[in-house]
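Visitor: So the sequence shown is numbered by the working numbering: it starts at 7 and just counts up by one.
Glycine residues also receive a C-beta, built at the ideal position from the N, C-alpha and C atoms.
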Amino acid sequence: MLRPILIHPDPRLKKLCDPVAEVTDEIRRLADDMLETMYDAPGVGLAAPQVGVTKRMLVMDCIKDGTPEPMVLINPEITWGSEDLNVYEEGCLSIPDQYAEVKRPALVSVRWTGLDGKADERTFEGLWATCVQHEIDHLNGKLFIDYLGPLKRQMITRKMEKLKRERARSVDV
Ligand code: K2U
Ligand code: ZN
């Protein structure tokens, strides 16, 4: 089922998320809901804290046109990052309609546990590399605006506070 995506500022988006102890049916249902919510947004990635679950799990599918390639990463860890950096104009489903350039390693190796409980490891590049780093930041309570200067970050936060006030009013009506 679709889950509501939290909008910044929200304390749950700043929390250090807890490891997933065991891949239970509830975790599998959460992964399905996160993928459904991600495709509906639409986005190419989504982290559990963005739907209010402060657990270390993320989903990704950076395939634009072609066969979708949904991925579920449980307790992901970055084991290596390239010296070379890539700049990407990032957005975030928890900070709608705000974009800014963020520099990140162009390639990253990530180790994680899959829904089958098995360990997996892969080196990502391109949009996949940017996305997986953006999502793992979410698991550590970090947002892409934390890489910006204080003034730009504050301006974006103020815009989100206004948006939340307007959304709350429209629901009240
Ligand atoms: O975590 C999220 O908020 C989902 C982001 C992930 C993302 C941000 C920046 C760069 C890559 C991935 C959403 O997918 S934002 C929507 C989007 C769609 C296509 C390309 C980039 C961002
Ligand atoms: Zn995000």
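(1) Under the assumption that residue 119 contacts residue 81 (Cβ atoms under 8 Å), give the Cβ distance between them as a whole number of angstroms.
(2) Among 9, 29, 103, 139, which residue has its Cα nearest to the Cα of residue 116?
(3) Assuming residue 98 contacts residue 61 under a Cβ cut-off of 8 Å, what Cβ separation, rounded to an integer in Å, is found between them?
(4) Suppose the cutoff is 8 Å on Cβ atoms and the five residues either side in sequence are ignored; what does the same chain contact list for residue 26 look like?
(5) Taking only beta-carbon atoms, is residue 43 less than 8 Å away from chain B?
(6) For ligand 3, is there a heavy atom less than 7 Å away from the beta-carbon of residue 72?
(7) Anyone know if the C-beta pair for residue 19 and residue 46 falls short of 8 Å?
(8) Could you tell me the distance, in whole angstroms, from the CA atom of residue 95 to the CA atom of residue 112?
(9) Quick one: residues in its chain with C-beta nearer than 6 Å to the C-beta of residue 35, no 5 flanking neighbours on either side, listed in chain order?
(10) Say yes only if the C-beta of residue 56 is nearer than 7 Å to one or more non-hydrogen atoms of ligand 1, and no if none qualify.
(11) By Cβ distance, which residues of its chain are closer than 7 Å to residue 21, with the 5 residues on each side in sequence left out?
(12) Applying the 10 Å Cβ sphere with the 16-neighbour rule, what's the burial state of residue 141?
(13) Below 8 Å, can you find three or more Cβ-Cβ pairs linking the region 65-73 to the region 152-161?
(14) CB residue 13 to CB residue 149, shorter than 8 Å?
(15) Which residue comes first and which comes last in the alpha helix (DSSP H) that contains residue 124?
(16) Using CA atoms only, rank isn't needed, just tell me which of 130, 121, 155, 166 is closest to residue 38.
(17) According to the neighbour-count rule (16 or more other Cβ atoms, all chains shown, within 10 Å of its Cβ), is residue 129 buried or exposed?
(18) Have a look at the DSSP bridge pairing and note the partners of residue 109.
Guide: Inspection of the coordinates gives the following:
(1) 5 Å
(2) Of the listed residues, the one whose Cα sits closest to residue 116 is 139.
(3) Not a contact, Cβ separation roughly 19 Å.
(4) Excluding residues up to 5 positions away in sequence, 33, 61, 62, 63, 80, 81, 119 lie with their Cβ nearer than 8 Å to the Cβ of residue 26 in the same chain.
(5) Note that chain B does not occur in the displayed structure, where there is just one protein chain.
(6) This structure simply doesn't include ligand 3; it includes ligand 1 and ligand 2 instead.
(7) Judged by beta-carbon spacing, residue 46 lies beyond the 8 Å limit of residue 19, meaning their Cβ atoms are not closer than that value.
(8) 14 Å
(9) none
(10) yes
(11) For residue 21, where only same-chain residues beyond five positions count, the Cβ hits under 7 Å are 55, 60, 147.
(12) buried
(13) no
(14) no
(15) No alpha helix (DSSP H) contains residue 124, which DSSP labels as neither H nor E.
(16) Considering only alpha carbons, the answer is 121.
(17) exposed
(18) 93
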